[in-house]
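So the sequence lines, in the order shown, correspond to chains A and B. 1 is the number of the first residue of the first sequence in the working numbering; add one for each residue after it. 1 is the number of the first residue of the second sequence in the working numbering; add one for each residue after it. Note that CB positions come from ideal geometry on N, CA and C, so glycine has one too. Remarks on the structure that follows.
2 protein chains.
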Amino acid sequence: MYRSHTCGELRDAHIGEEVTLAGWVQKIRNKGFMIWVDLRDRYGLTQLIFDEERTSKEILEKASQLGREFVIQIKGTVIERQSKNPQLPTGDIEILVSEFNLLNPSLTPPFTIENDTDGGEELRMKYRYLDIRRNPVRENLMFRHQVGMKVRNYLSNQGFIEIETPYLIKSTPEGARDFVVPSRMNAGQFYALPQSPQTFKQLLMVGGMDKYFQIVKCFRDEDLRADRQPEFTQIDCEMAFVEQEDILNVFEGLTRHLLKEIKNVEIGNFPRMTYAEAMKTYGNDKPDIRFGMKFTELNKLAQGKGFTVFDEQELVVGIAVPGAATYTRKEIDFLVNWVKRPQIGAKGLIWVKYAEDGSLKSSVDKFYSEEDLANWAKETGANPGDLILVMTGDAAKTRTQLSALRMHLANKLELRDPKEFAPLWVVDFPLLEWDEESKRFHAMHHPFTSPKPEDIKLLETDPGAVRANAYDLVMNGNEIGGGSIRIHDKQTQSKMFDYLGFTPEQAQAQFGFLMNAFEFGAPPHGGIAFGFDRLVAILSGQETIRDFIAFPKNNSGRDVMIDAPAKLDLEQLGELHLEVKP
Amino acid sequence: MYRSHTCGELRDAHIGEEVTLAGWVQKIRNKGFMIWVDLRDRYGLTQLIFDEERTSKEILEKASQLGREFVIQIKGTVIERQSKNPQLPTGDIEILVSEFNLLNPSLTPPFTIENDTDGGEELRMKYRYLDIRRNPVRENLMFRHQVGMKVRNYLSNQGFIEIETPYLIKSTPEGARDFVVPSRMNAGQFYALPQSPQTFKQLLMVGGMDKYFQIVKCFRDEDLRADRQPEFTQIDCEMAFVEQEDILNVFEGLTRHLLKEIKNVEIGNFPRMTYAEAMKTYGNDKPDIRFGMKFTELNKLAQGKGFTVFDEQELVVGIAVPGAATYTRKEIDFLVNWVKRPQIGAKGLIWVKYAEDGSLKSSVDKFYSEEDLANWAKETGANPGDLILVMTGDAAKTRTQLSALRMHLANKLELRDPKEFAPLWVVDFPLLEWDEESKRFHAMHHPFTSPKPEDIKLLETDPGAVRANAYDLVMNGNEIGGGSIRIHDKQTQSKMFDYLGFTPEQAQAQFGFLMNAFEFGAPPHGGIAFGFDRLVAILSGQETIRDFIAFPKNNSGRDVMIDAPAKLDLEQLGELHLEVKP
């Protein structure tokens with residue numbers, strides 16, 4: 001062992017002890033006759049002292065040649081520090097160095113290894129091994145480990161068994177694109193990497209394993225939007241002999257346990273909201289309910305008053321922005337332009353200032369009396385001092401647009417407190433959603449999700465209205481997890497494939513193994529999957545998953561540190577029976 | 001919830017209670033007026049009773065139509081059982097059924113769901129979801145989970161952090177073949193799946209993470225020998241600021257902990273043996289030391305006596321087989337033929353029977369006096385009643401052949417007690433091994449392994465004699481884990497690539513990121529990886545890893561259940577910029 005103690009360990013009580021430390025040079029102060037070095041490792045910082053009077057000339061000389069990030073091993077005596085540093089756990093002591101061993105020098109790092117580094121994203125990713133030395137990144141990775149252990153121990157104590165499912169499976173065209181793996185031993189054939197262990201966990205239920213979980217990598221070959229990764233980690237779970245209520249209870253229990261154990265936050269029963277209600281009230285199936293600005297529909301109050309912009313629309317909907325009546329013309333114009341950007345795509349934004357003195361002024365004063373506006377204020381729950389913002393148009397689009405505005409304003413008004421946790425269940429998701437491009441219905445969750453029994457009759461007449469036994473766990477405006485009660489009989493499953501446009505042959509070729517399994521005594525079952533990267537980020541009060549992944553990929557799916565992907569040599573391609581097309 | 005209790009839960013104390021159970025029909029005994037059904041779930045078996053007098057006609061009728069593996073839910077009263085079954089935890093009670101709900105029927109399973117099934121390997125793999133219902137498979141998977149939890153909690157308590165390393169990395173031609181993954185977004189380029197997280201865990205050490213572990217899938221595209229899988233699981237570990245001794249201590253601690261916690265076996269310090277000693281004494285770098293039959297070199301005693309078969313050979317080596325002096329001519333002939341098979345490839349086998357009465361008789365009586373043979377017996381440690389077997393030839397080959405014979409005999413003589421655990425460390429592995437085919441040295445462990453400092457000078461003169469800081473943990477004749485102290489400076493690492501036949505350009509292209517990282521303050525570090533599948537099998541007293549994997553692949557790398565790998569459609573290939581060669 002290169003050390004007797006870590007750099008975070010020594011205290012008053014160790015004064016007088018001979019110790020050996022090893023670590024990285026964080027900082028050097030050289031006064032010529034005296035040199036202080038901050039030595040860093042995973043566990044903390046310890047100050048080393050070298051001086052003319054008490055340190056040998058040779059060692060002082062060596063110490064004077066140290067640079068940032070050099071790796072050294074020293075022996076010395078723990079002494080009391082002259083000027084103590086109460087910010088540092090080891091701040092009462094320092095080490096008077098008597099032996100010195102340079103383990104490895106370092107080039108000057110391309111960015112500073114500090115909490116606030118001068119390195120940009122690209123440089124930090126290229127030298128990720130240096131970035132990881134920084135406290136914030138290290139703490140994120142350690143936090144992730146801690147959450148993982150808590151999840152595993154909690155589920156294991158609840159009788160769940162972690163079972164590893166295979167990574168080399170079969171490609172299925174449903175859903176996102178698969179990453180594939182050519183087989184050398186089976187010429188012209190390919191494995192696929194799993195987008196999730198969905199079918200395998202269902203087969204484990206057919207196999208009687210009863211309660212399964214796995215913290216597992218999943219893969220999706222999608223065009224990467226911001227903060228998506230081609231490989232990501234899921235807490236994947238499945239239970240047999242359960243109804244939706246059982247799944248919600250177990251995983252609400254897990255989430256409550258994590259919040260209590262990790263954040264010391266106690267939360268009672270999680271609210272539940274139907275998908276329809278969430279869309280109506282927040283324009284979003286993952287509402288952030290830490291703050292208000294709920295949607296109020298104003299069709300009745302606002303239509304038929306001669307303002308044609310409203311009159312012809314499916315929906316007129318407003319929110320009351322707290323304390324924003326004092327916004328200047330410029331600030332309001334900014335918001336109007338913000339919603340008109342192509343990313344949002346709204347045609348405009350109507351505003352009503354409800355001043356502290358109770359007066360009402362709006363961008364539509366020509367069409368509405370102060371009494372009309374007072375009714376809007378009453379309906380939206382606005383108080384004097386608030387700003388009412390109103391949008392209109394096609395219901396679905398307008399809700400999405402107003403939801404984006406609501407989130408933008410919440411960020412601006414700092415209503416999204418990272419220390420507050422507001423989980424809720426969104427339930428009763430639609431089974432199917434219409435896809436304009438392919439002109440057919442797609443499974444909203446996945447094709448294994450069961451319809452609500454009372455809605456099955458609607459499949460023939462109004463497929464879009466059929467609700468599924470599907471649910472999402474939402475926290476602070478993010479989807480943390482989602483799942484469903486599955487279909488467990490062959491007839492329903494094959495009918496579902498039929499609705500989704502599979503021919504019987506396609507269904508059999510791709511999912512025959514699952515439908516066959518359903519014929520040998522499949523139990524009722526259901527499950528859920530949590531996005532582990534996201535969960536860890538949210539629990540940590542952050543939203544960027546990349547900061548919680550040791551070696552993430554960039555938006556082109558590249559690992560810029562190792563420079564992957566890369567070309568293969570022809571021999572290797574040949575063994576795989578492949579040619580790259582020019 | 002479909003049940004109030006599991007099928008393994010009910011006891012005497014529950015008599016009189018109304019309960020709801022759900023599970024699979026394991027067995028039906030139908031006497032017409034009375035029907036008993038054994039209901040099974042993950043937790044156990046409970047007997048249900050239906051009878052004319054106490055059960056409604058309708059339910060009795062339904063029960064009479066049940067078949068094996070039907071899934072049912074029942075309500076009923078716990079009653080005392082007439083003829084108790086002390087073999088069964090629930091054997092004191094049975095359930096008098098009052099409500100009955102058929103959840104899912106079952107086709108007749110293609111093999112019996114019993115501990116000893118009538119299903120062959122191929123059929124069991126095709127219907128693995130049914131195979132998993134069998135106790136032995138279920139218990140293996142649950143045991144695996146238990147070992148995984150113990151490993152994680154132990155390492156985490158020791159300050160190790162589990163960090164996920166990427167699965168989509170870069171292909172390197174060193175070592176076994178990689179599985180590769182074509183990139184759609186980077187035309188003509190490929191990721192590779194990791195054969196191990198080796199370079200990433202080293203980068204984590206450069207990044208100051210200090211103690212890393214991960215239970216992680218690894219991938220090797222090898223021609224599959226028996227009991228190898230293209231994807232397998234490793235307990236992967238790395239530590240910074242350590243020497244070989246530190247690694248051995250920590251992972252001996254882990255292994256001792258597992259043996260104590262899981263098997264209740266206490267083991268003192270693990271023996272250590274050099275590679276050279278293991279090869280000389282057991283002909284094998286993973287010796288099973290649960291039994292004797294150590295090798296004795298007989299060159300001195302056996303050469304120069306006119307028996308030319310021995311005289312010209314590098315090695316004459318024997319073992320004393322306990323109690324085998326009574327072997328018949330036929331049994332000995334079998335052994336002679338066994339070693340002559342091409343898989344072993346020996347030219348022959350000399351035997352000496354050391355009878356209980358002290359007399360000695362051999363296949364070489366023409367050349368050796370009874371006194372000569374008595375000296376052989378003395379040297380090999382044979383006792384009266386033992387059989388001495390002697391082989392000769394080139395030292396390396398002969399040792400391998402005799403080792404195979406030793407293991408064969410140990411199995412035959414039942415000397416390999418699955419309840420006994422005999423771990424040991426094999427240390428001082430050679431750094432390089434000569435490859436006849438490519439006529440150059442290869443890294444025996446991998447190119448990141450550090451040579452022993454005192455042997456570095458031999459690199460120029462006698463590369464094959466250079467020992468590495470490399471070690472294996474061996475248990476019961478199996479390699480459980482292996483690792484090394486790594487090179488941590490750029491000069492040594494690039495010299496190593498040079499010895500291994502890399503041009504500087506190749507080394508830079510493939511491992512430049514690692515060598516660059518070594519220039520920014522890399523700490524001394526080392527690690528180990530345990531084969532998790534193997535560890536679990538060995539701890540369970542078995543040797544076949546396939547029985548401990550939920551969904552294994554066959555020897556052609558196929559998953560016969562889902563029928564993977566499979567062909568891709570042309571559109572998907574096109575998106576990946578690939579063509580399959582005819």
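Problem - Own chain partners of LYS361(B) with C-beta closer than 6 angstroms, once the 5 adjacent residues on each side are dropped - result: LYS353
Problem - Collapsed DSSP secondary structure at MET239(A) in the structure displayed - result: strand
Problem - Contact set between the segment 544-563 of chain B and chain A, restricted to residues whose Cβ is under 9 angstroms from the partner - result: ILE549, ALA550, PHE551, PRO552, LYS553, SER556, GLY557, ARG558, ASP559, MET561, ILE562, ASP563
Practice task
Taking only beta carbons into account, state which residues of the segment 564-579 of chain B come closer than 8 angstroms to chain A, listed in chain order.
Solution key: ALA564, PRO565, ALA566, LYS567, LEU568, ASP569, GLN572, GLY574, GLU575, LEU576, HIS577, LEU578, GLU579
Exercise for the section: Please report the residue range of the beta strand (DSSP E) in which THR461(A) lies. Expected result: Run containing THR461(A): none in the beta strand (DSSP E); it sits in the alpha helix (DSSP H), 458-461.
Exercise for the section: Could you name the residues of the segment 518-543 of chain B whose beta carbon sits closer than 7 angstroms to any beta carbon of chain A, in the order they occur along the chain? Expected result: GLU519, PHE520, GLY521, ALA522, PRO523, PRO524
Problem - Nonlocal neighbours in the same chain, by C-beta distance under 6 angstroms from ASN85(A), ignoring five residues either side - result: GLY91
Problem - Where PHE70(A) meets chain B, residues with beta-carbon distance less than 9 angstroms - result: GLY521
Exercise for the section: Spell out a yes or no on whether the segment 167-181 of chain A and the segment 556-571 of chain B are touching, meaning 3 or more CB-CB pairs, one atom from each, closer than 8 angstroms. Expected result: yes
Practice task
Starting from PRO136(B), follow the alpha helix (DSSP H) in both directions and report where the run begins and ends.
Solution key: 135-157
Handout entry: Chain-ordered chain A contacts of ILE161(B) [CB-CB under 7 angstroms]
Key = LEU141, MET142, HIS145
Handout entry: Against chain B: residues of the segment 462-491 of chain A by CB proximity under 8 angstroms
Key = HIS488, ASP489
Handout entry: Where ARG534(B) sits in the DSSP three-state scheme
Key = helix
Practice task
Over the uninterrupted alpha helix (DSSP H) stretch that includes SER380(A), give me the two end residues.
Solution key: Here residue 380(A) is Thr; the residue named in the question, Ser, does not match the sequence. Where THR380(A) is concerned, the enclosing alpha helix (DSSP H) stretches over 370-380.
Handout entry: Length-filtered (3 minimum) beta strand (DSSP E) runs lying within the segment 35-93 of chain A
Key = 44-51, 71-80
Handout entry: LYS217(A): first and last residue of the uninterrupted beta strand (DSSP E) it sits in
Key = 211-219
Practice task
Could you name the residues of the same chain whose beta carbon sits closer than 6 angstroms to that of LYS211(A), not counting the 5 residues immediately before and after it, in chain order?
Solution key: GLY159, PHE160, MET239
Problem - Same chain, Cβ closer than 8 angstroms to ALA468(A), neighbours up to 5 away in sequence not counted - result: ASP428, PHE429, PRO430, LEU431, MET444, HIS445, THR449, SER450, PRO451, LYS452, SER484
Exercise for the section: Please determine if the segment 129-136 of chain A and the segment 101-121 of chain A are in contact, where contact requires at least 3 C-beta pairs separated by less than 8 angstroms. Expected result: yes
Practice task
Output the distance between the C-alpha atoms of LYS581(B) and ARG177(B), rounded to the nearest integer angstrom.
Solution key: 20 angstroms
Exercise for the section: List the DSSP bridge partners of TRP351(A). Expected result: LEU389(A)
Handout entry: Beta-carbon proximity list for ALA355(A), same chain, < 6 angstroms, skipping 5 on both sides
Key = ALA325
Handout entry: Extent of the continuous alpha helix (DSSP H) to which TYR275(B) belongs
Key = 275-282
Exercise for the section: Using DSSP bridges, identify the partner residues of THR199(A). Expected result: Partner(s): none; THR199(A) has no beta bridge.
Exercise for the section: State yes or no: is the C-beta of TRP351(A) within less than 8 angstroms of the C-beta of LEU298(A)? Expected result: no
Practice task
Report the rounded CA-to-CA distance for ASP38(B) versus GLN244(A), giving the unit in angstroms.
Solution key: 28 angstroms
Handout entry: Residues of its chain near GLU99(A), where Cβ-Cβ distance is below 7 angstroms and the 5 sequence neighbours each way are ignored
Key = ILE74, LYS75
Exercise for the section: Kindly say whether LYS170(B), judged by its beta-carbon, lies nearer than 8 angstroms to any beta-carbon of chain A. Expected result: yes
Handout entry: Top-ranked residue by Cα proximity to ASN115(B), from LYS439(B), ARG134(B), ASP51(B)
Key = ARG134(B)
Handout entry: Contact set between PRO136(A) and chain B, taken where Cβ atoms lie within less than 8 angstroms
Key = What PRO136(A) touches in chain B: nothing, since even the nearest Cβ is about 13 angstroms away.
Exercise for the section: Report back the beta-carbon spacing between ILE538(B) and GLN229(B) to the nearest angstrom; my notes put them in contact at under 8 angstroms. Expected result: Wrong, their Cβ atoms sit about 16 angstroms apart, outside the cutoff.
Problem - Sheet register partners of LYS27(A) (DSSP bridge) - result: ASP38(A)
Exercise for the section: Give the secondary structure of PRO173(B) by DSSP, where H, G and I count as helix, E and B as strand, and everything else as coil. Expected result: coil
Handout entry: Rounded C-alpha distance that separates GLU607(B) from ILE549(B)
Key = Outside the displayed range of chain B (1 to 582) lies residue 607(B), so it cannot be described from this structure.
Exercise for the section: State the Cα-Cα distance for the pair ARG486(B) and ALA63(A), rounded to the nearest angstrom. Expected result: 27 angstroms
Handout entry: When LEU60(A), TRP24(A), ASP547(A) are compared against LEU30(A), the one with the closest alpha-carbon
Key = This sequence places Asn at residue 30(A); Leu is not what is there. ASN30(A) has its Cα closest to that of LEU60(A), out of LEU60(A), TRP24(A), ASP547(A).
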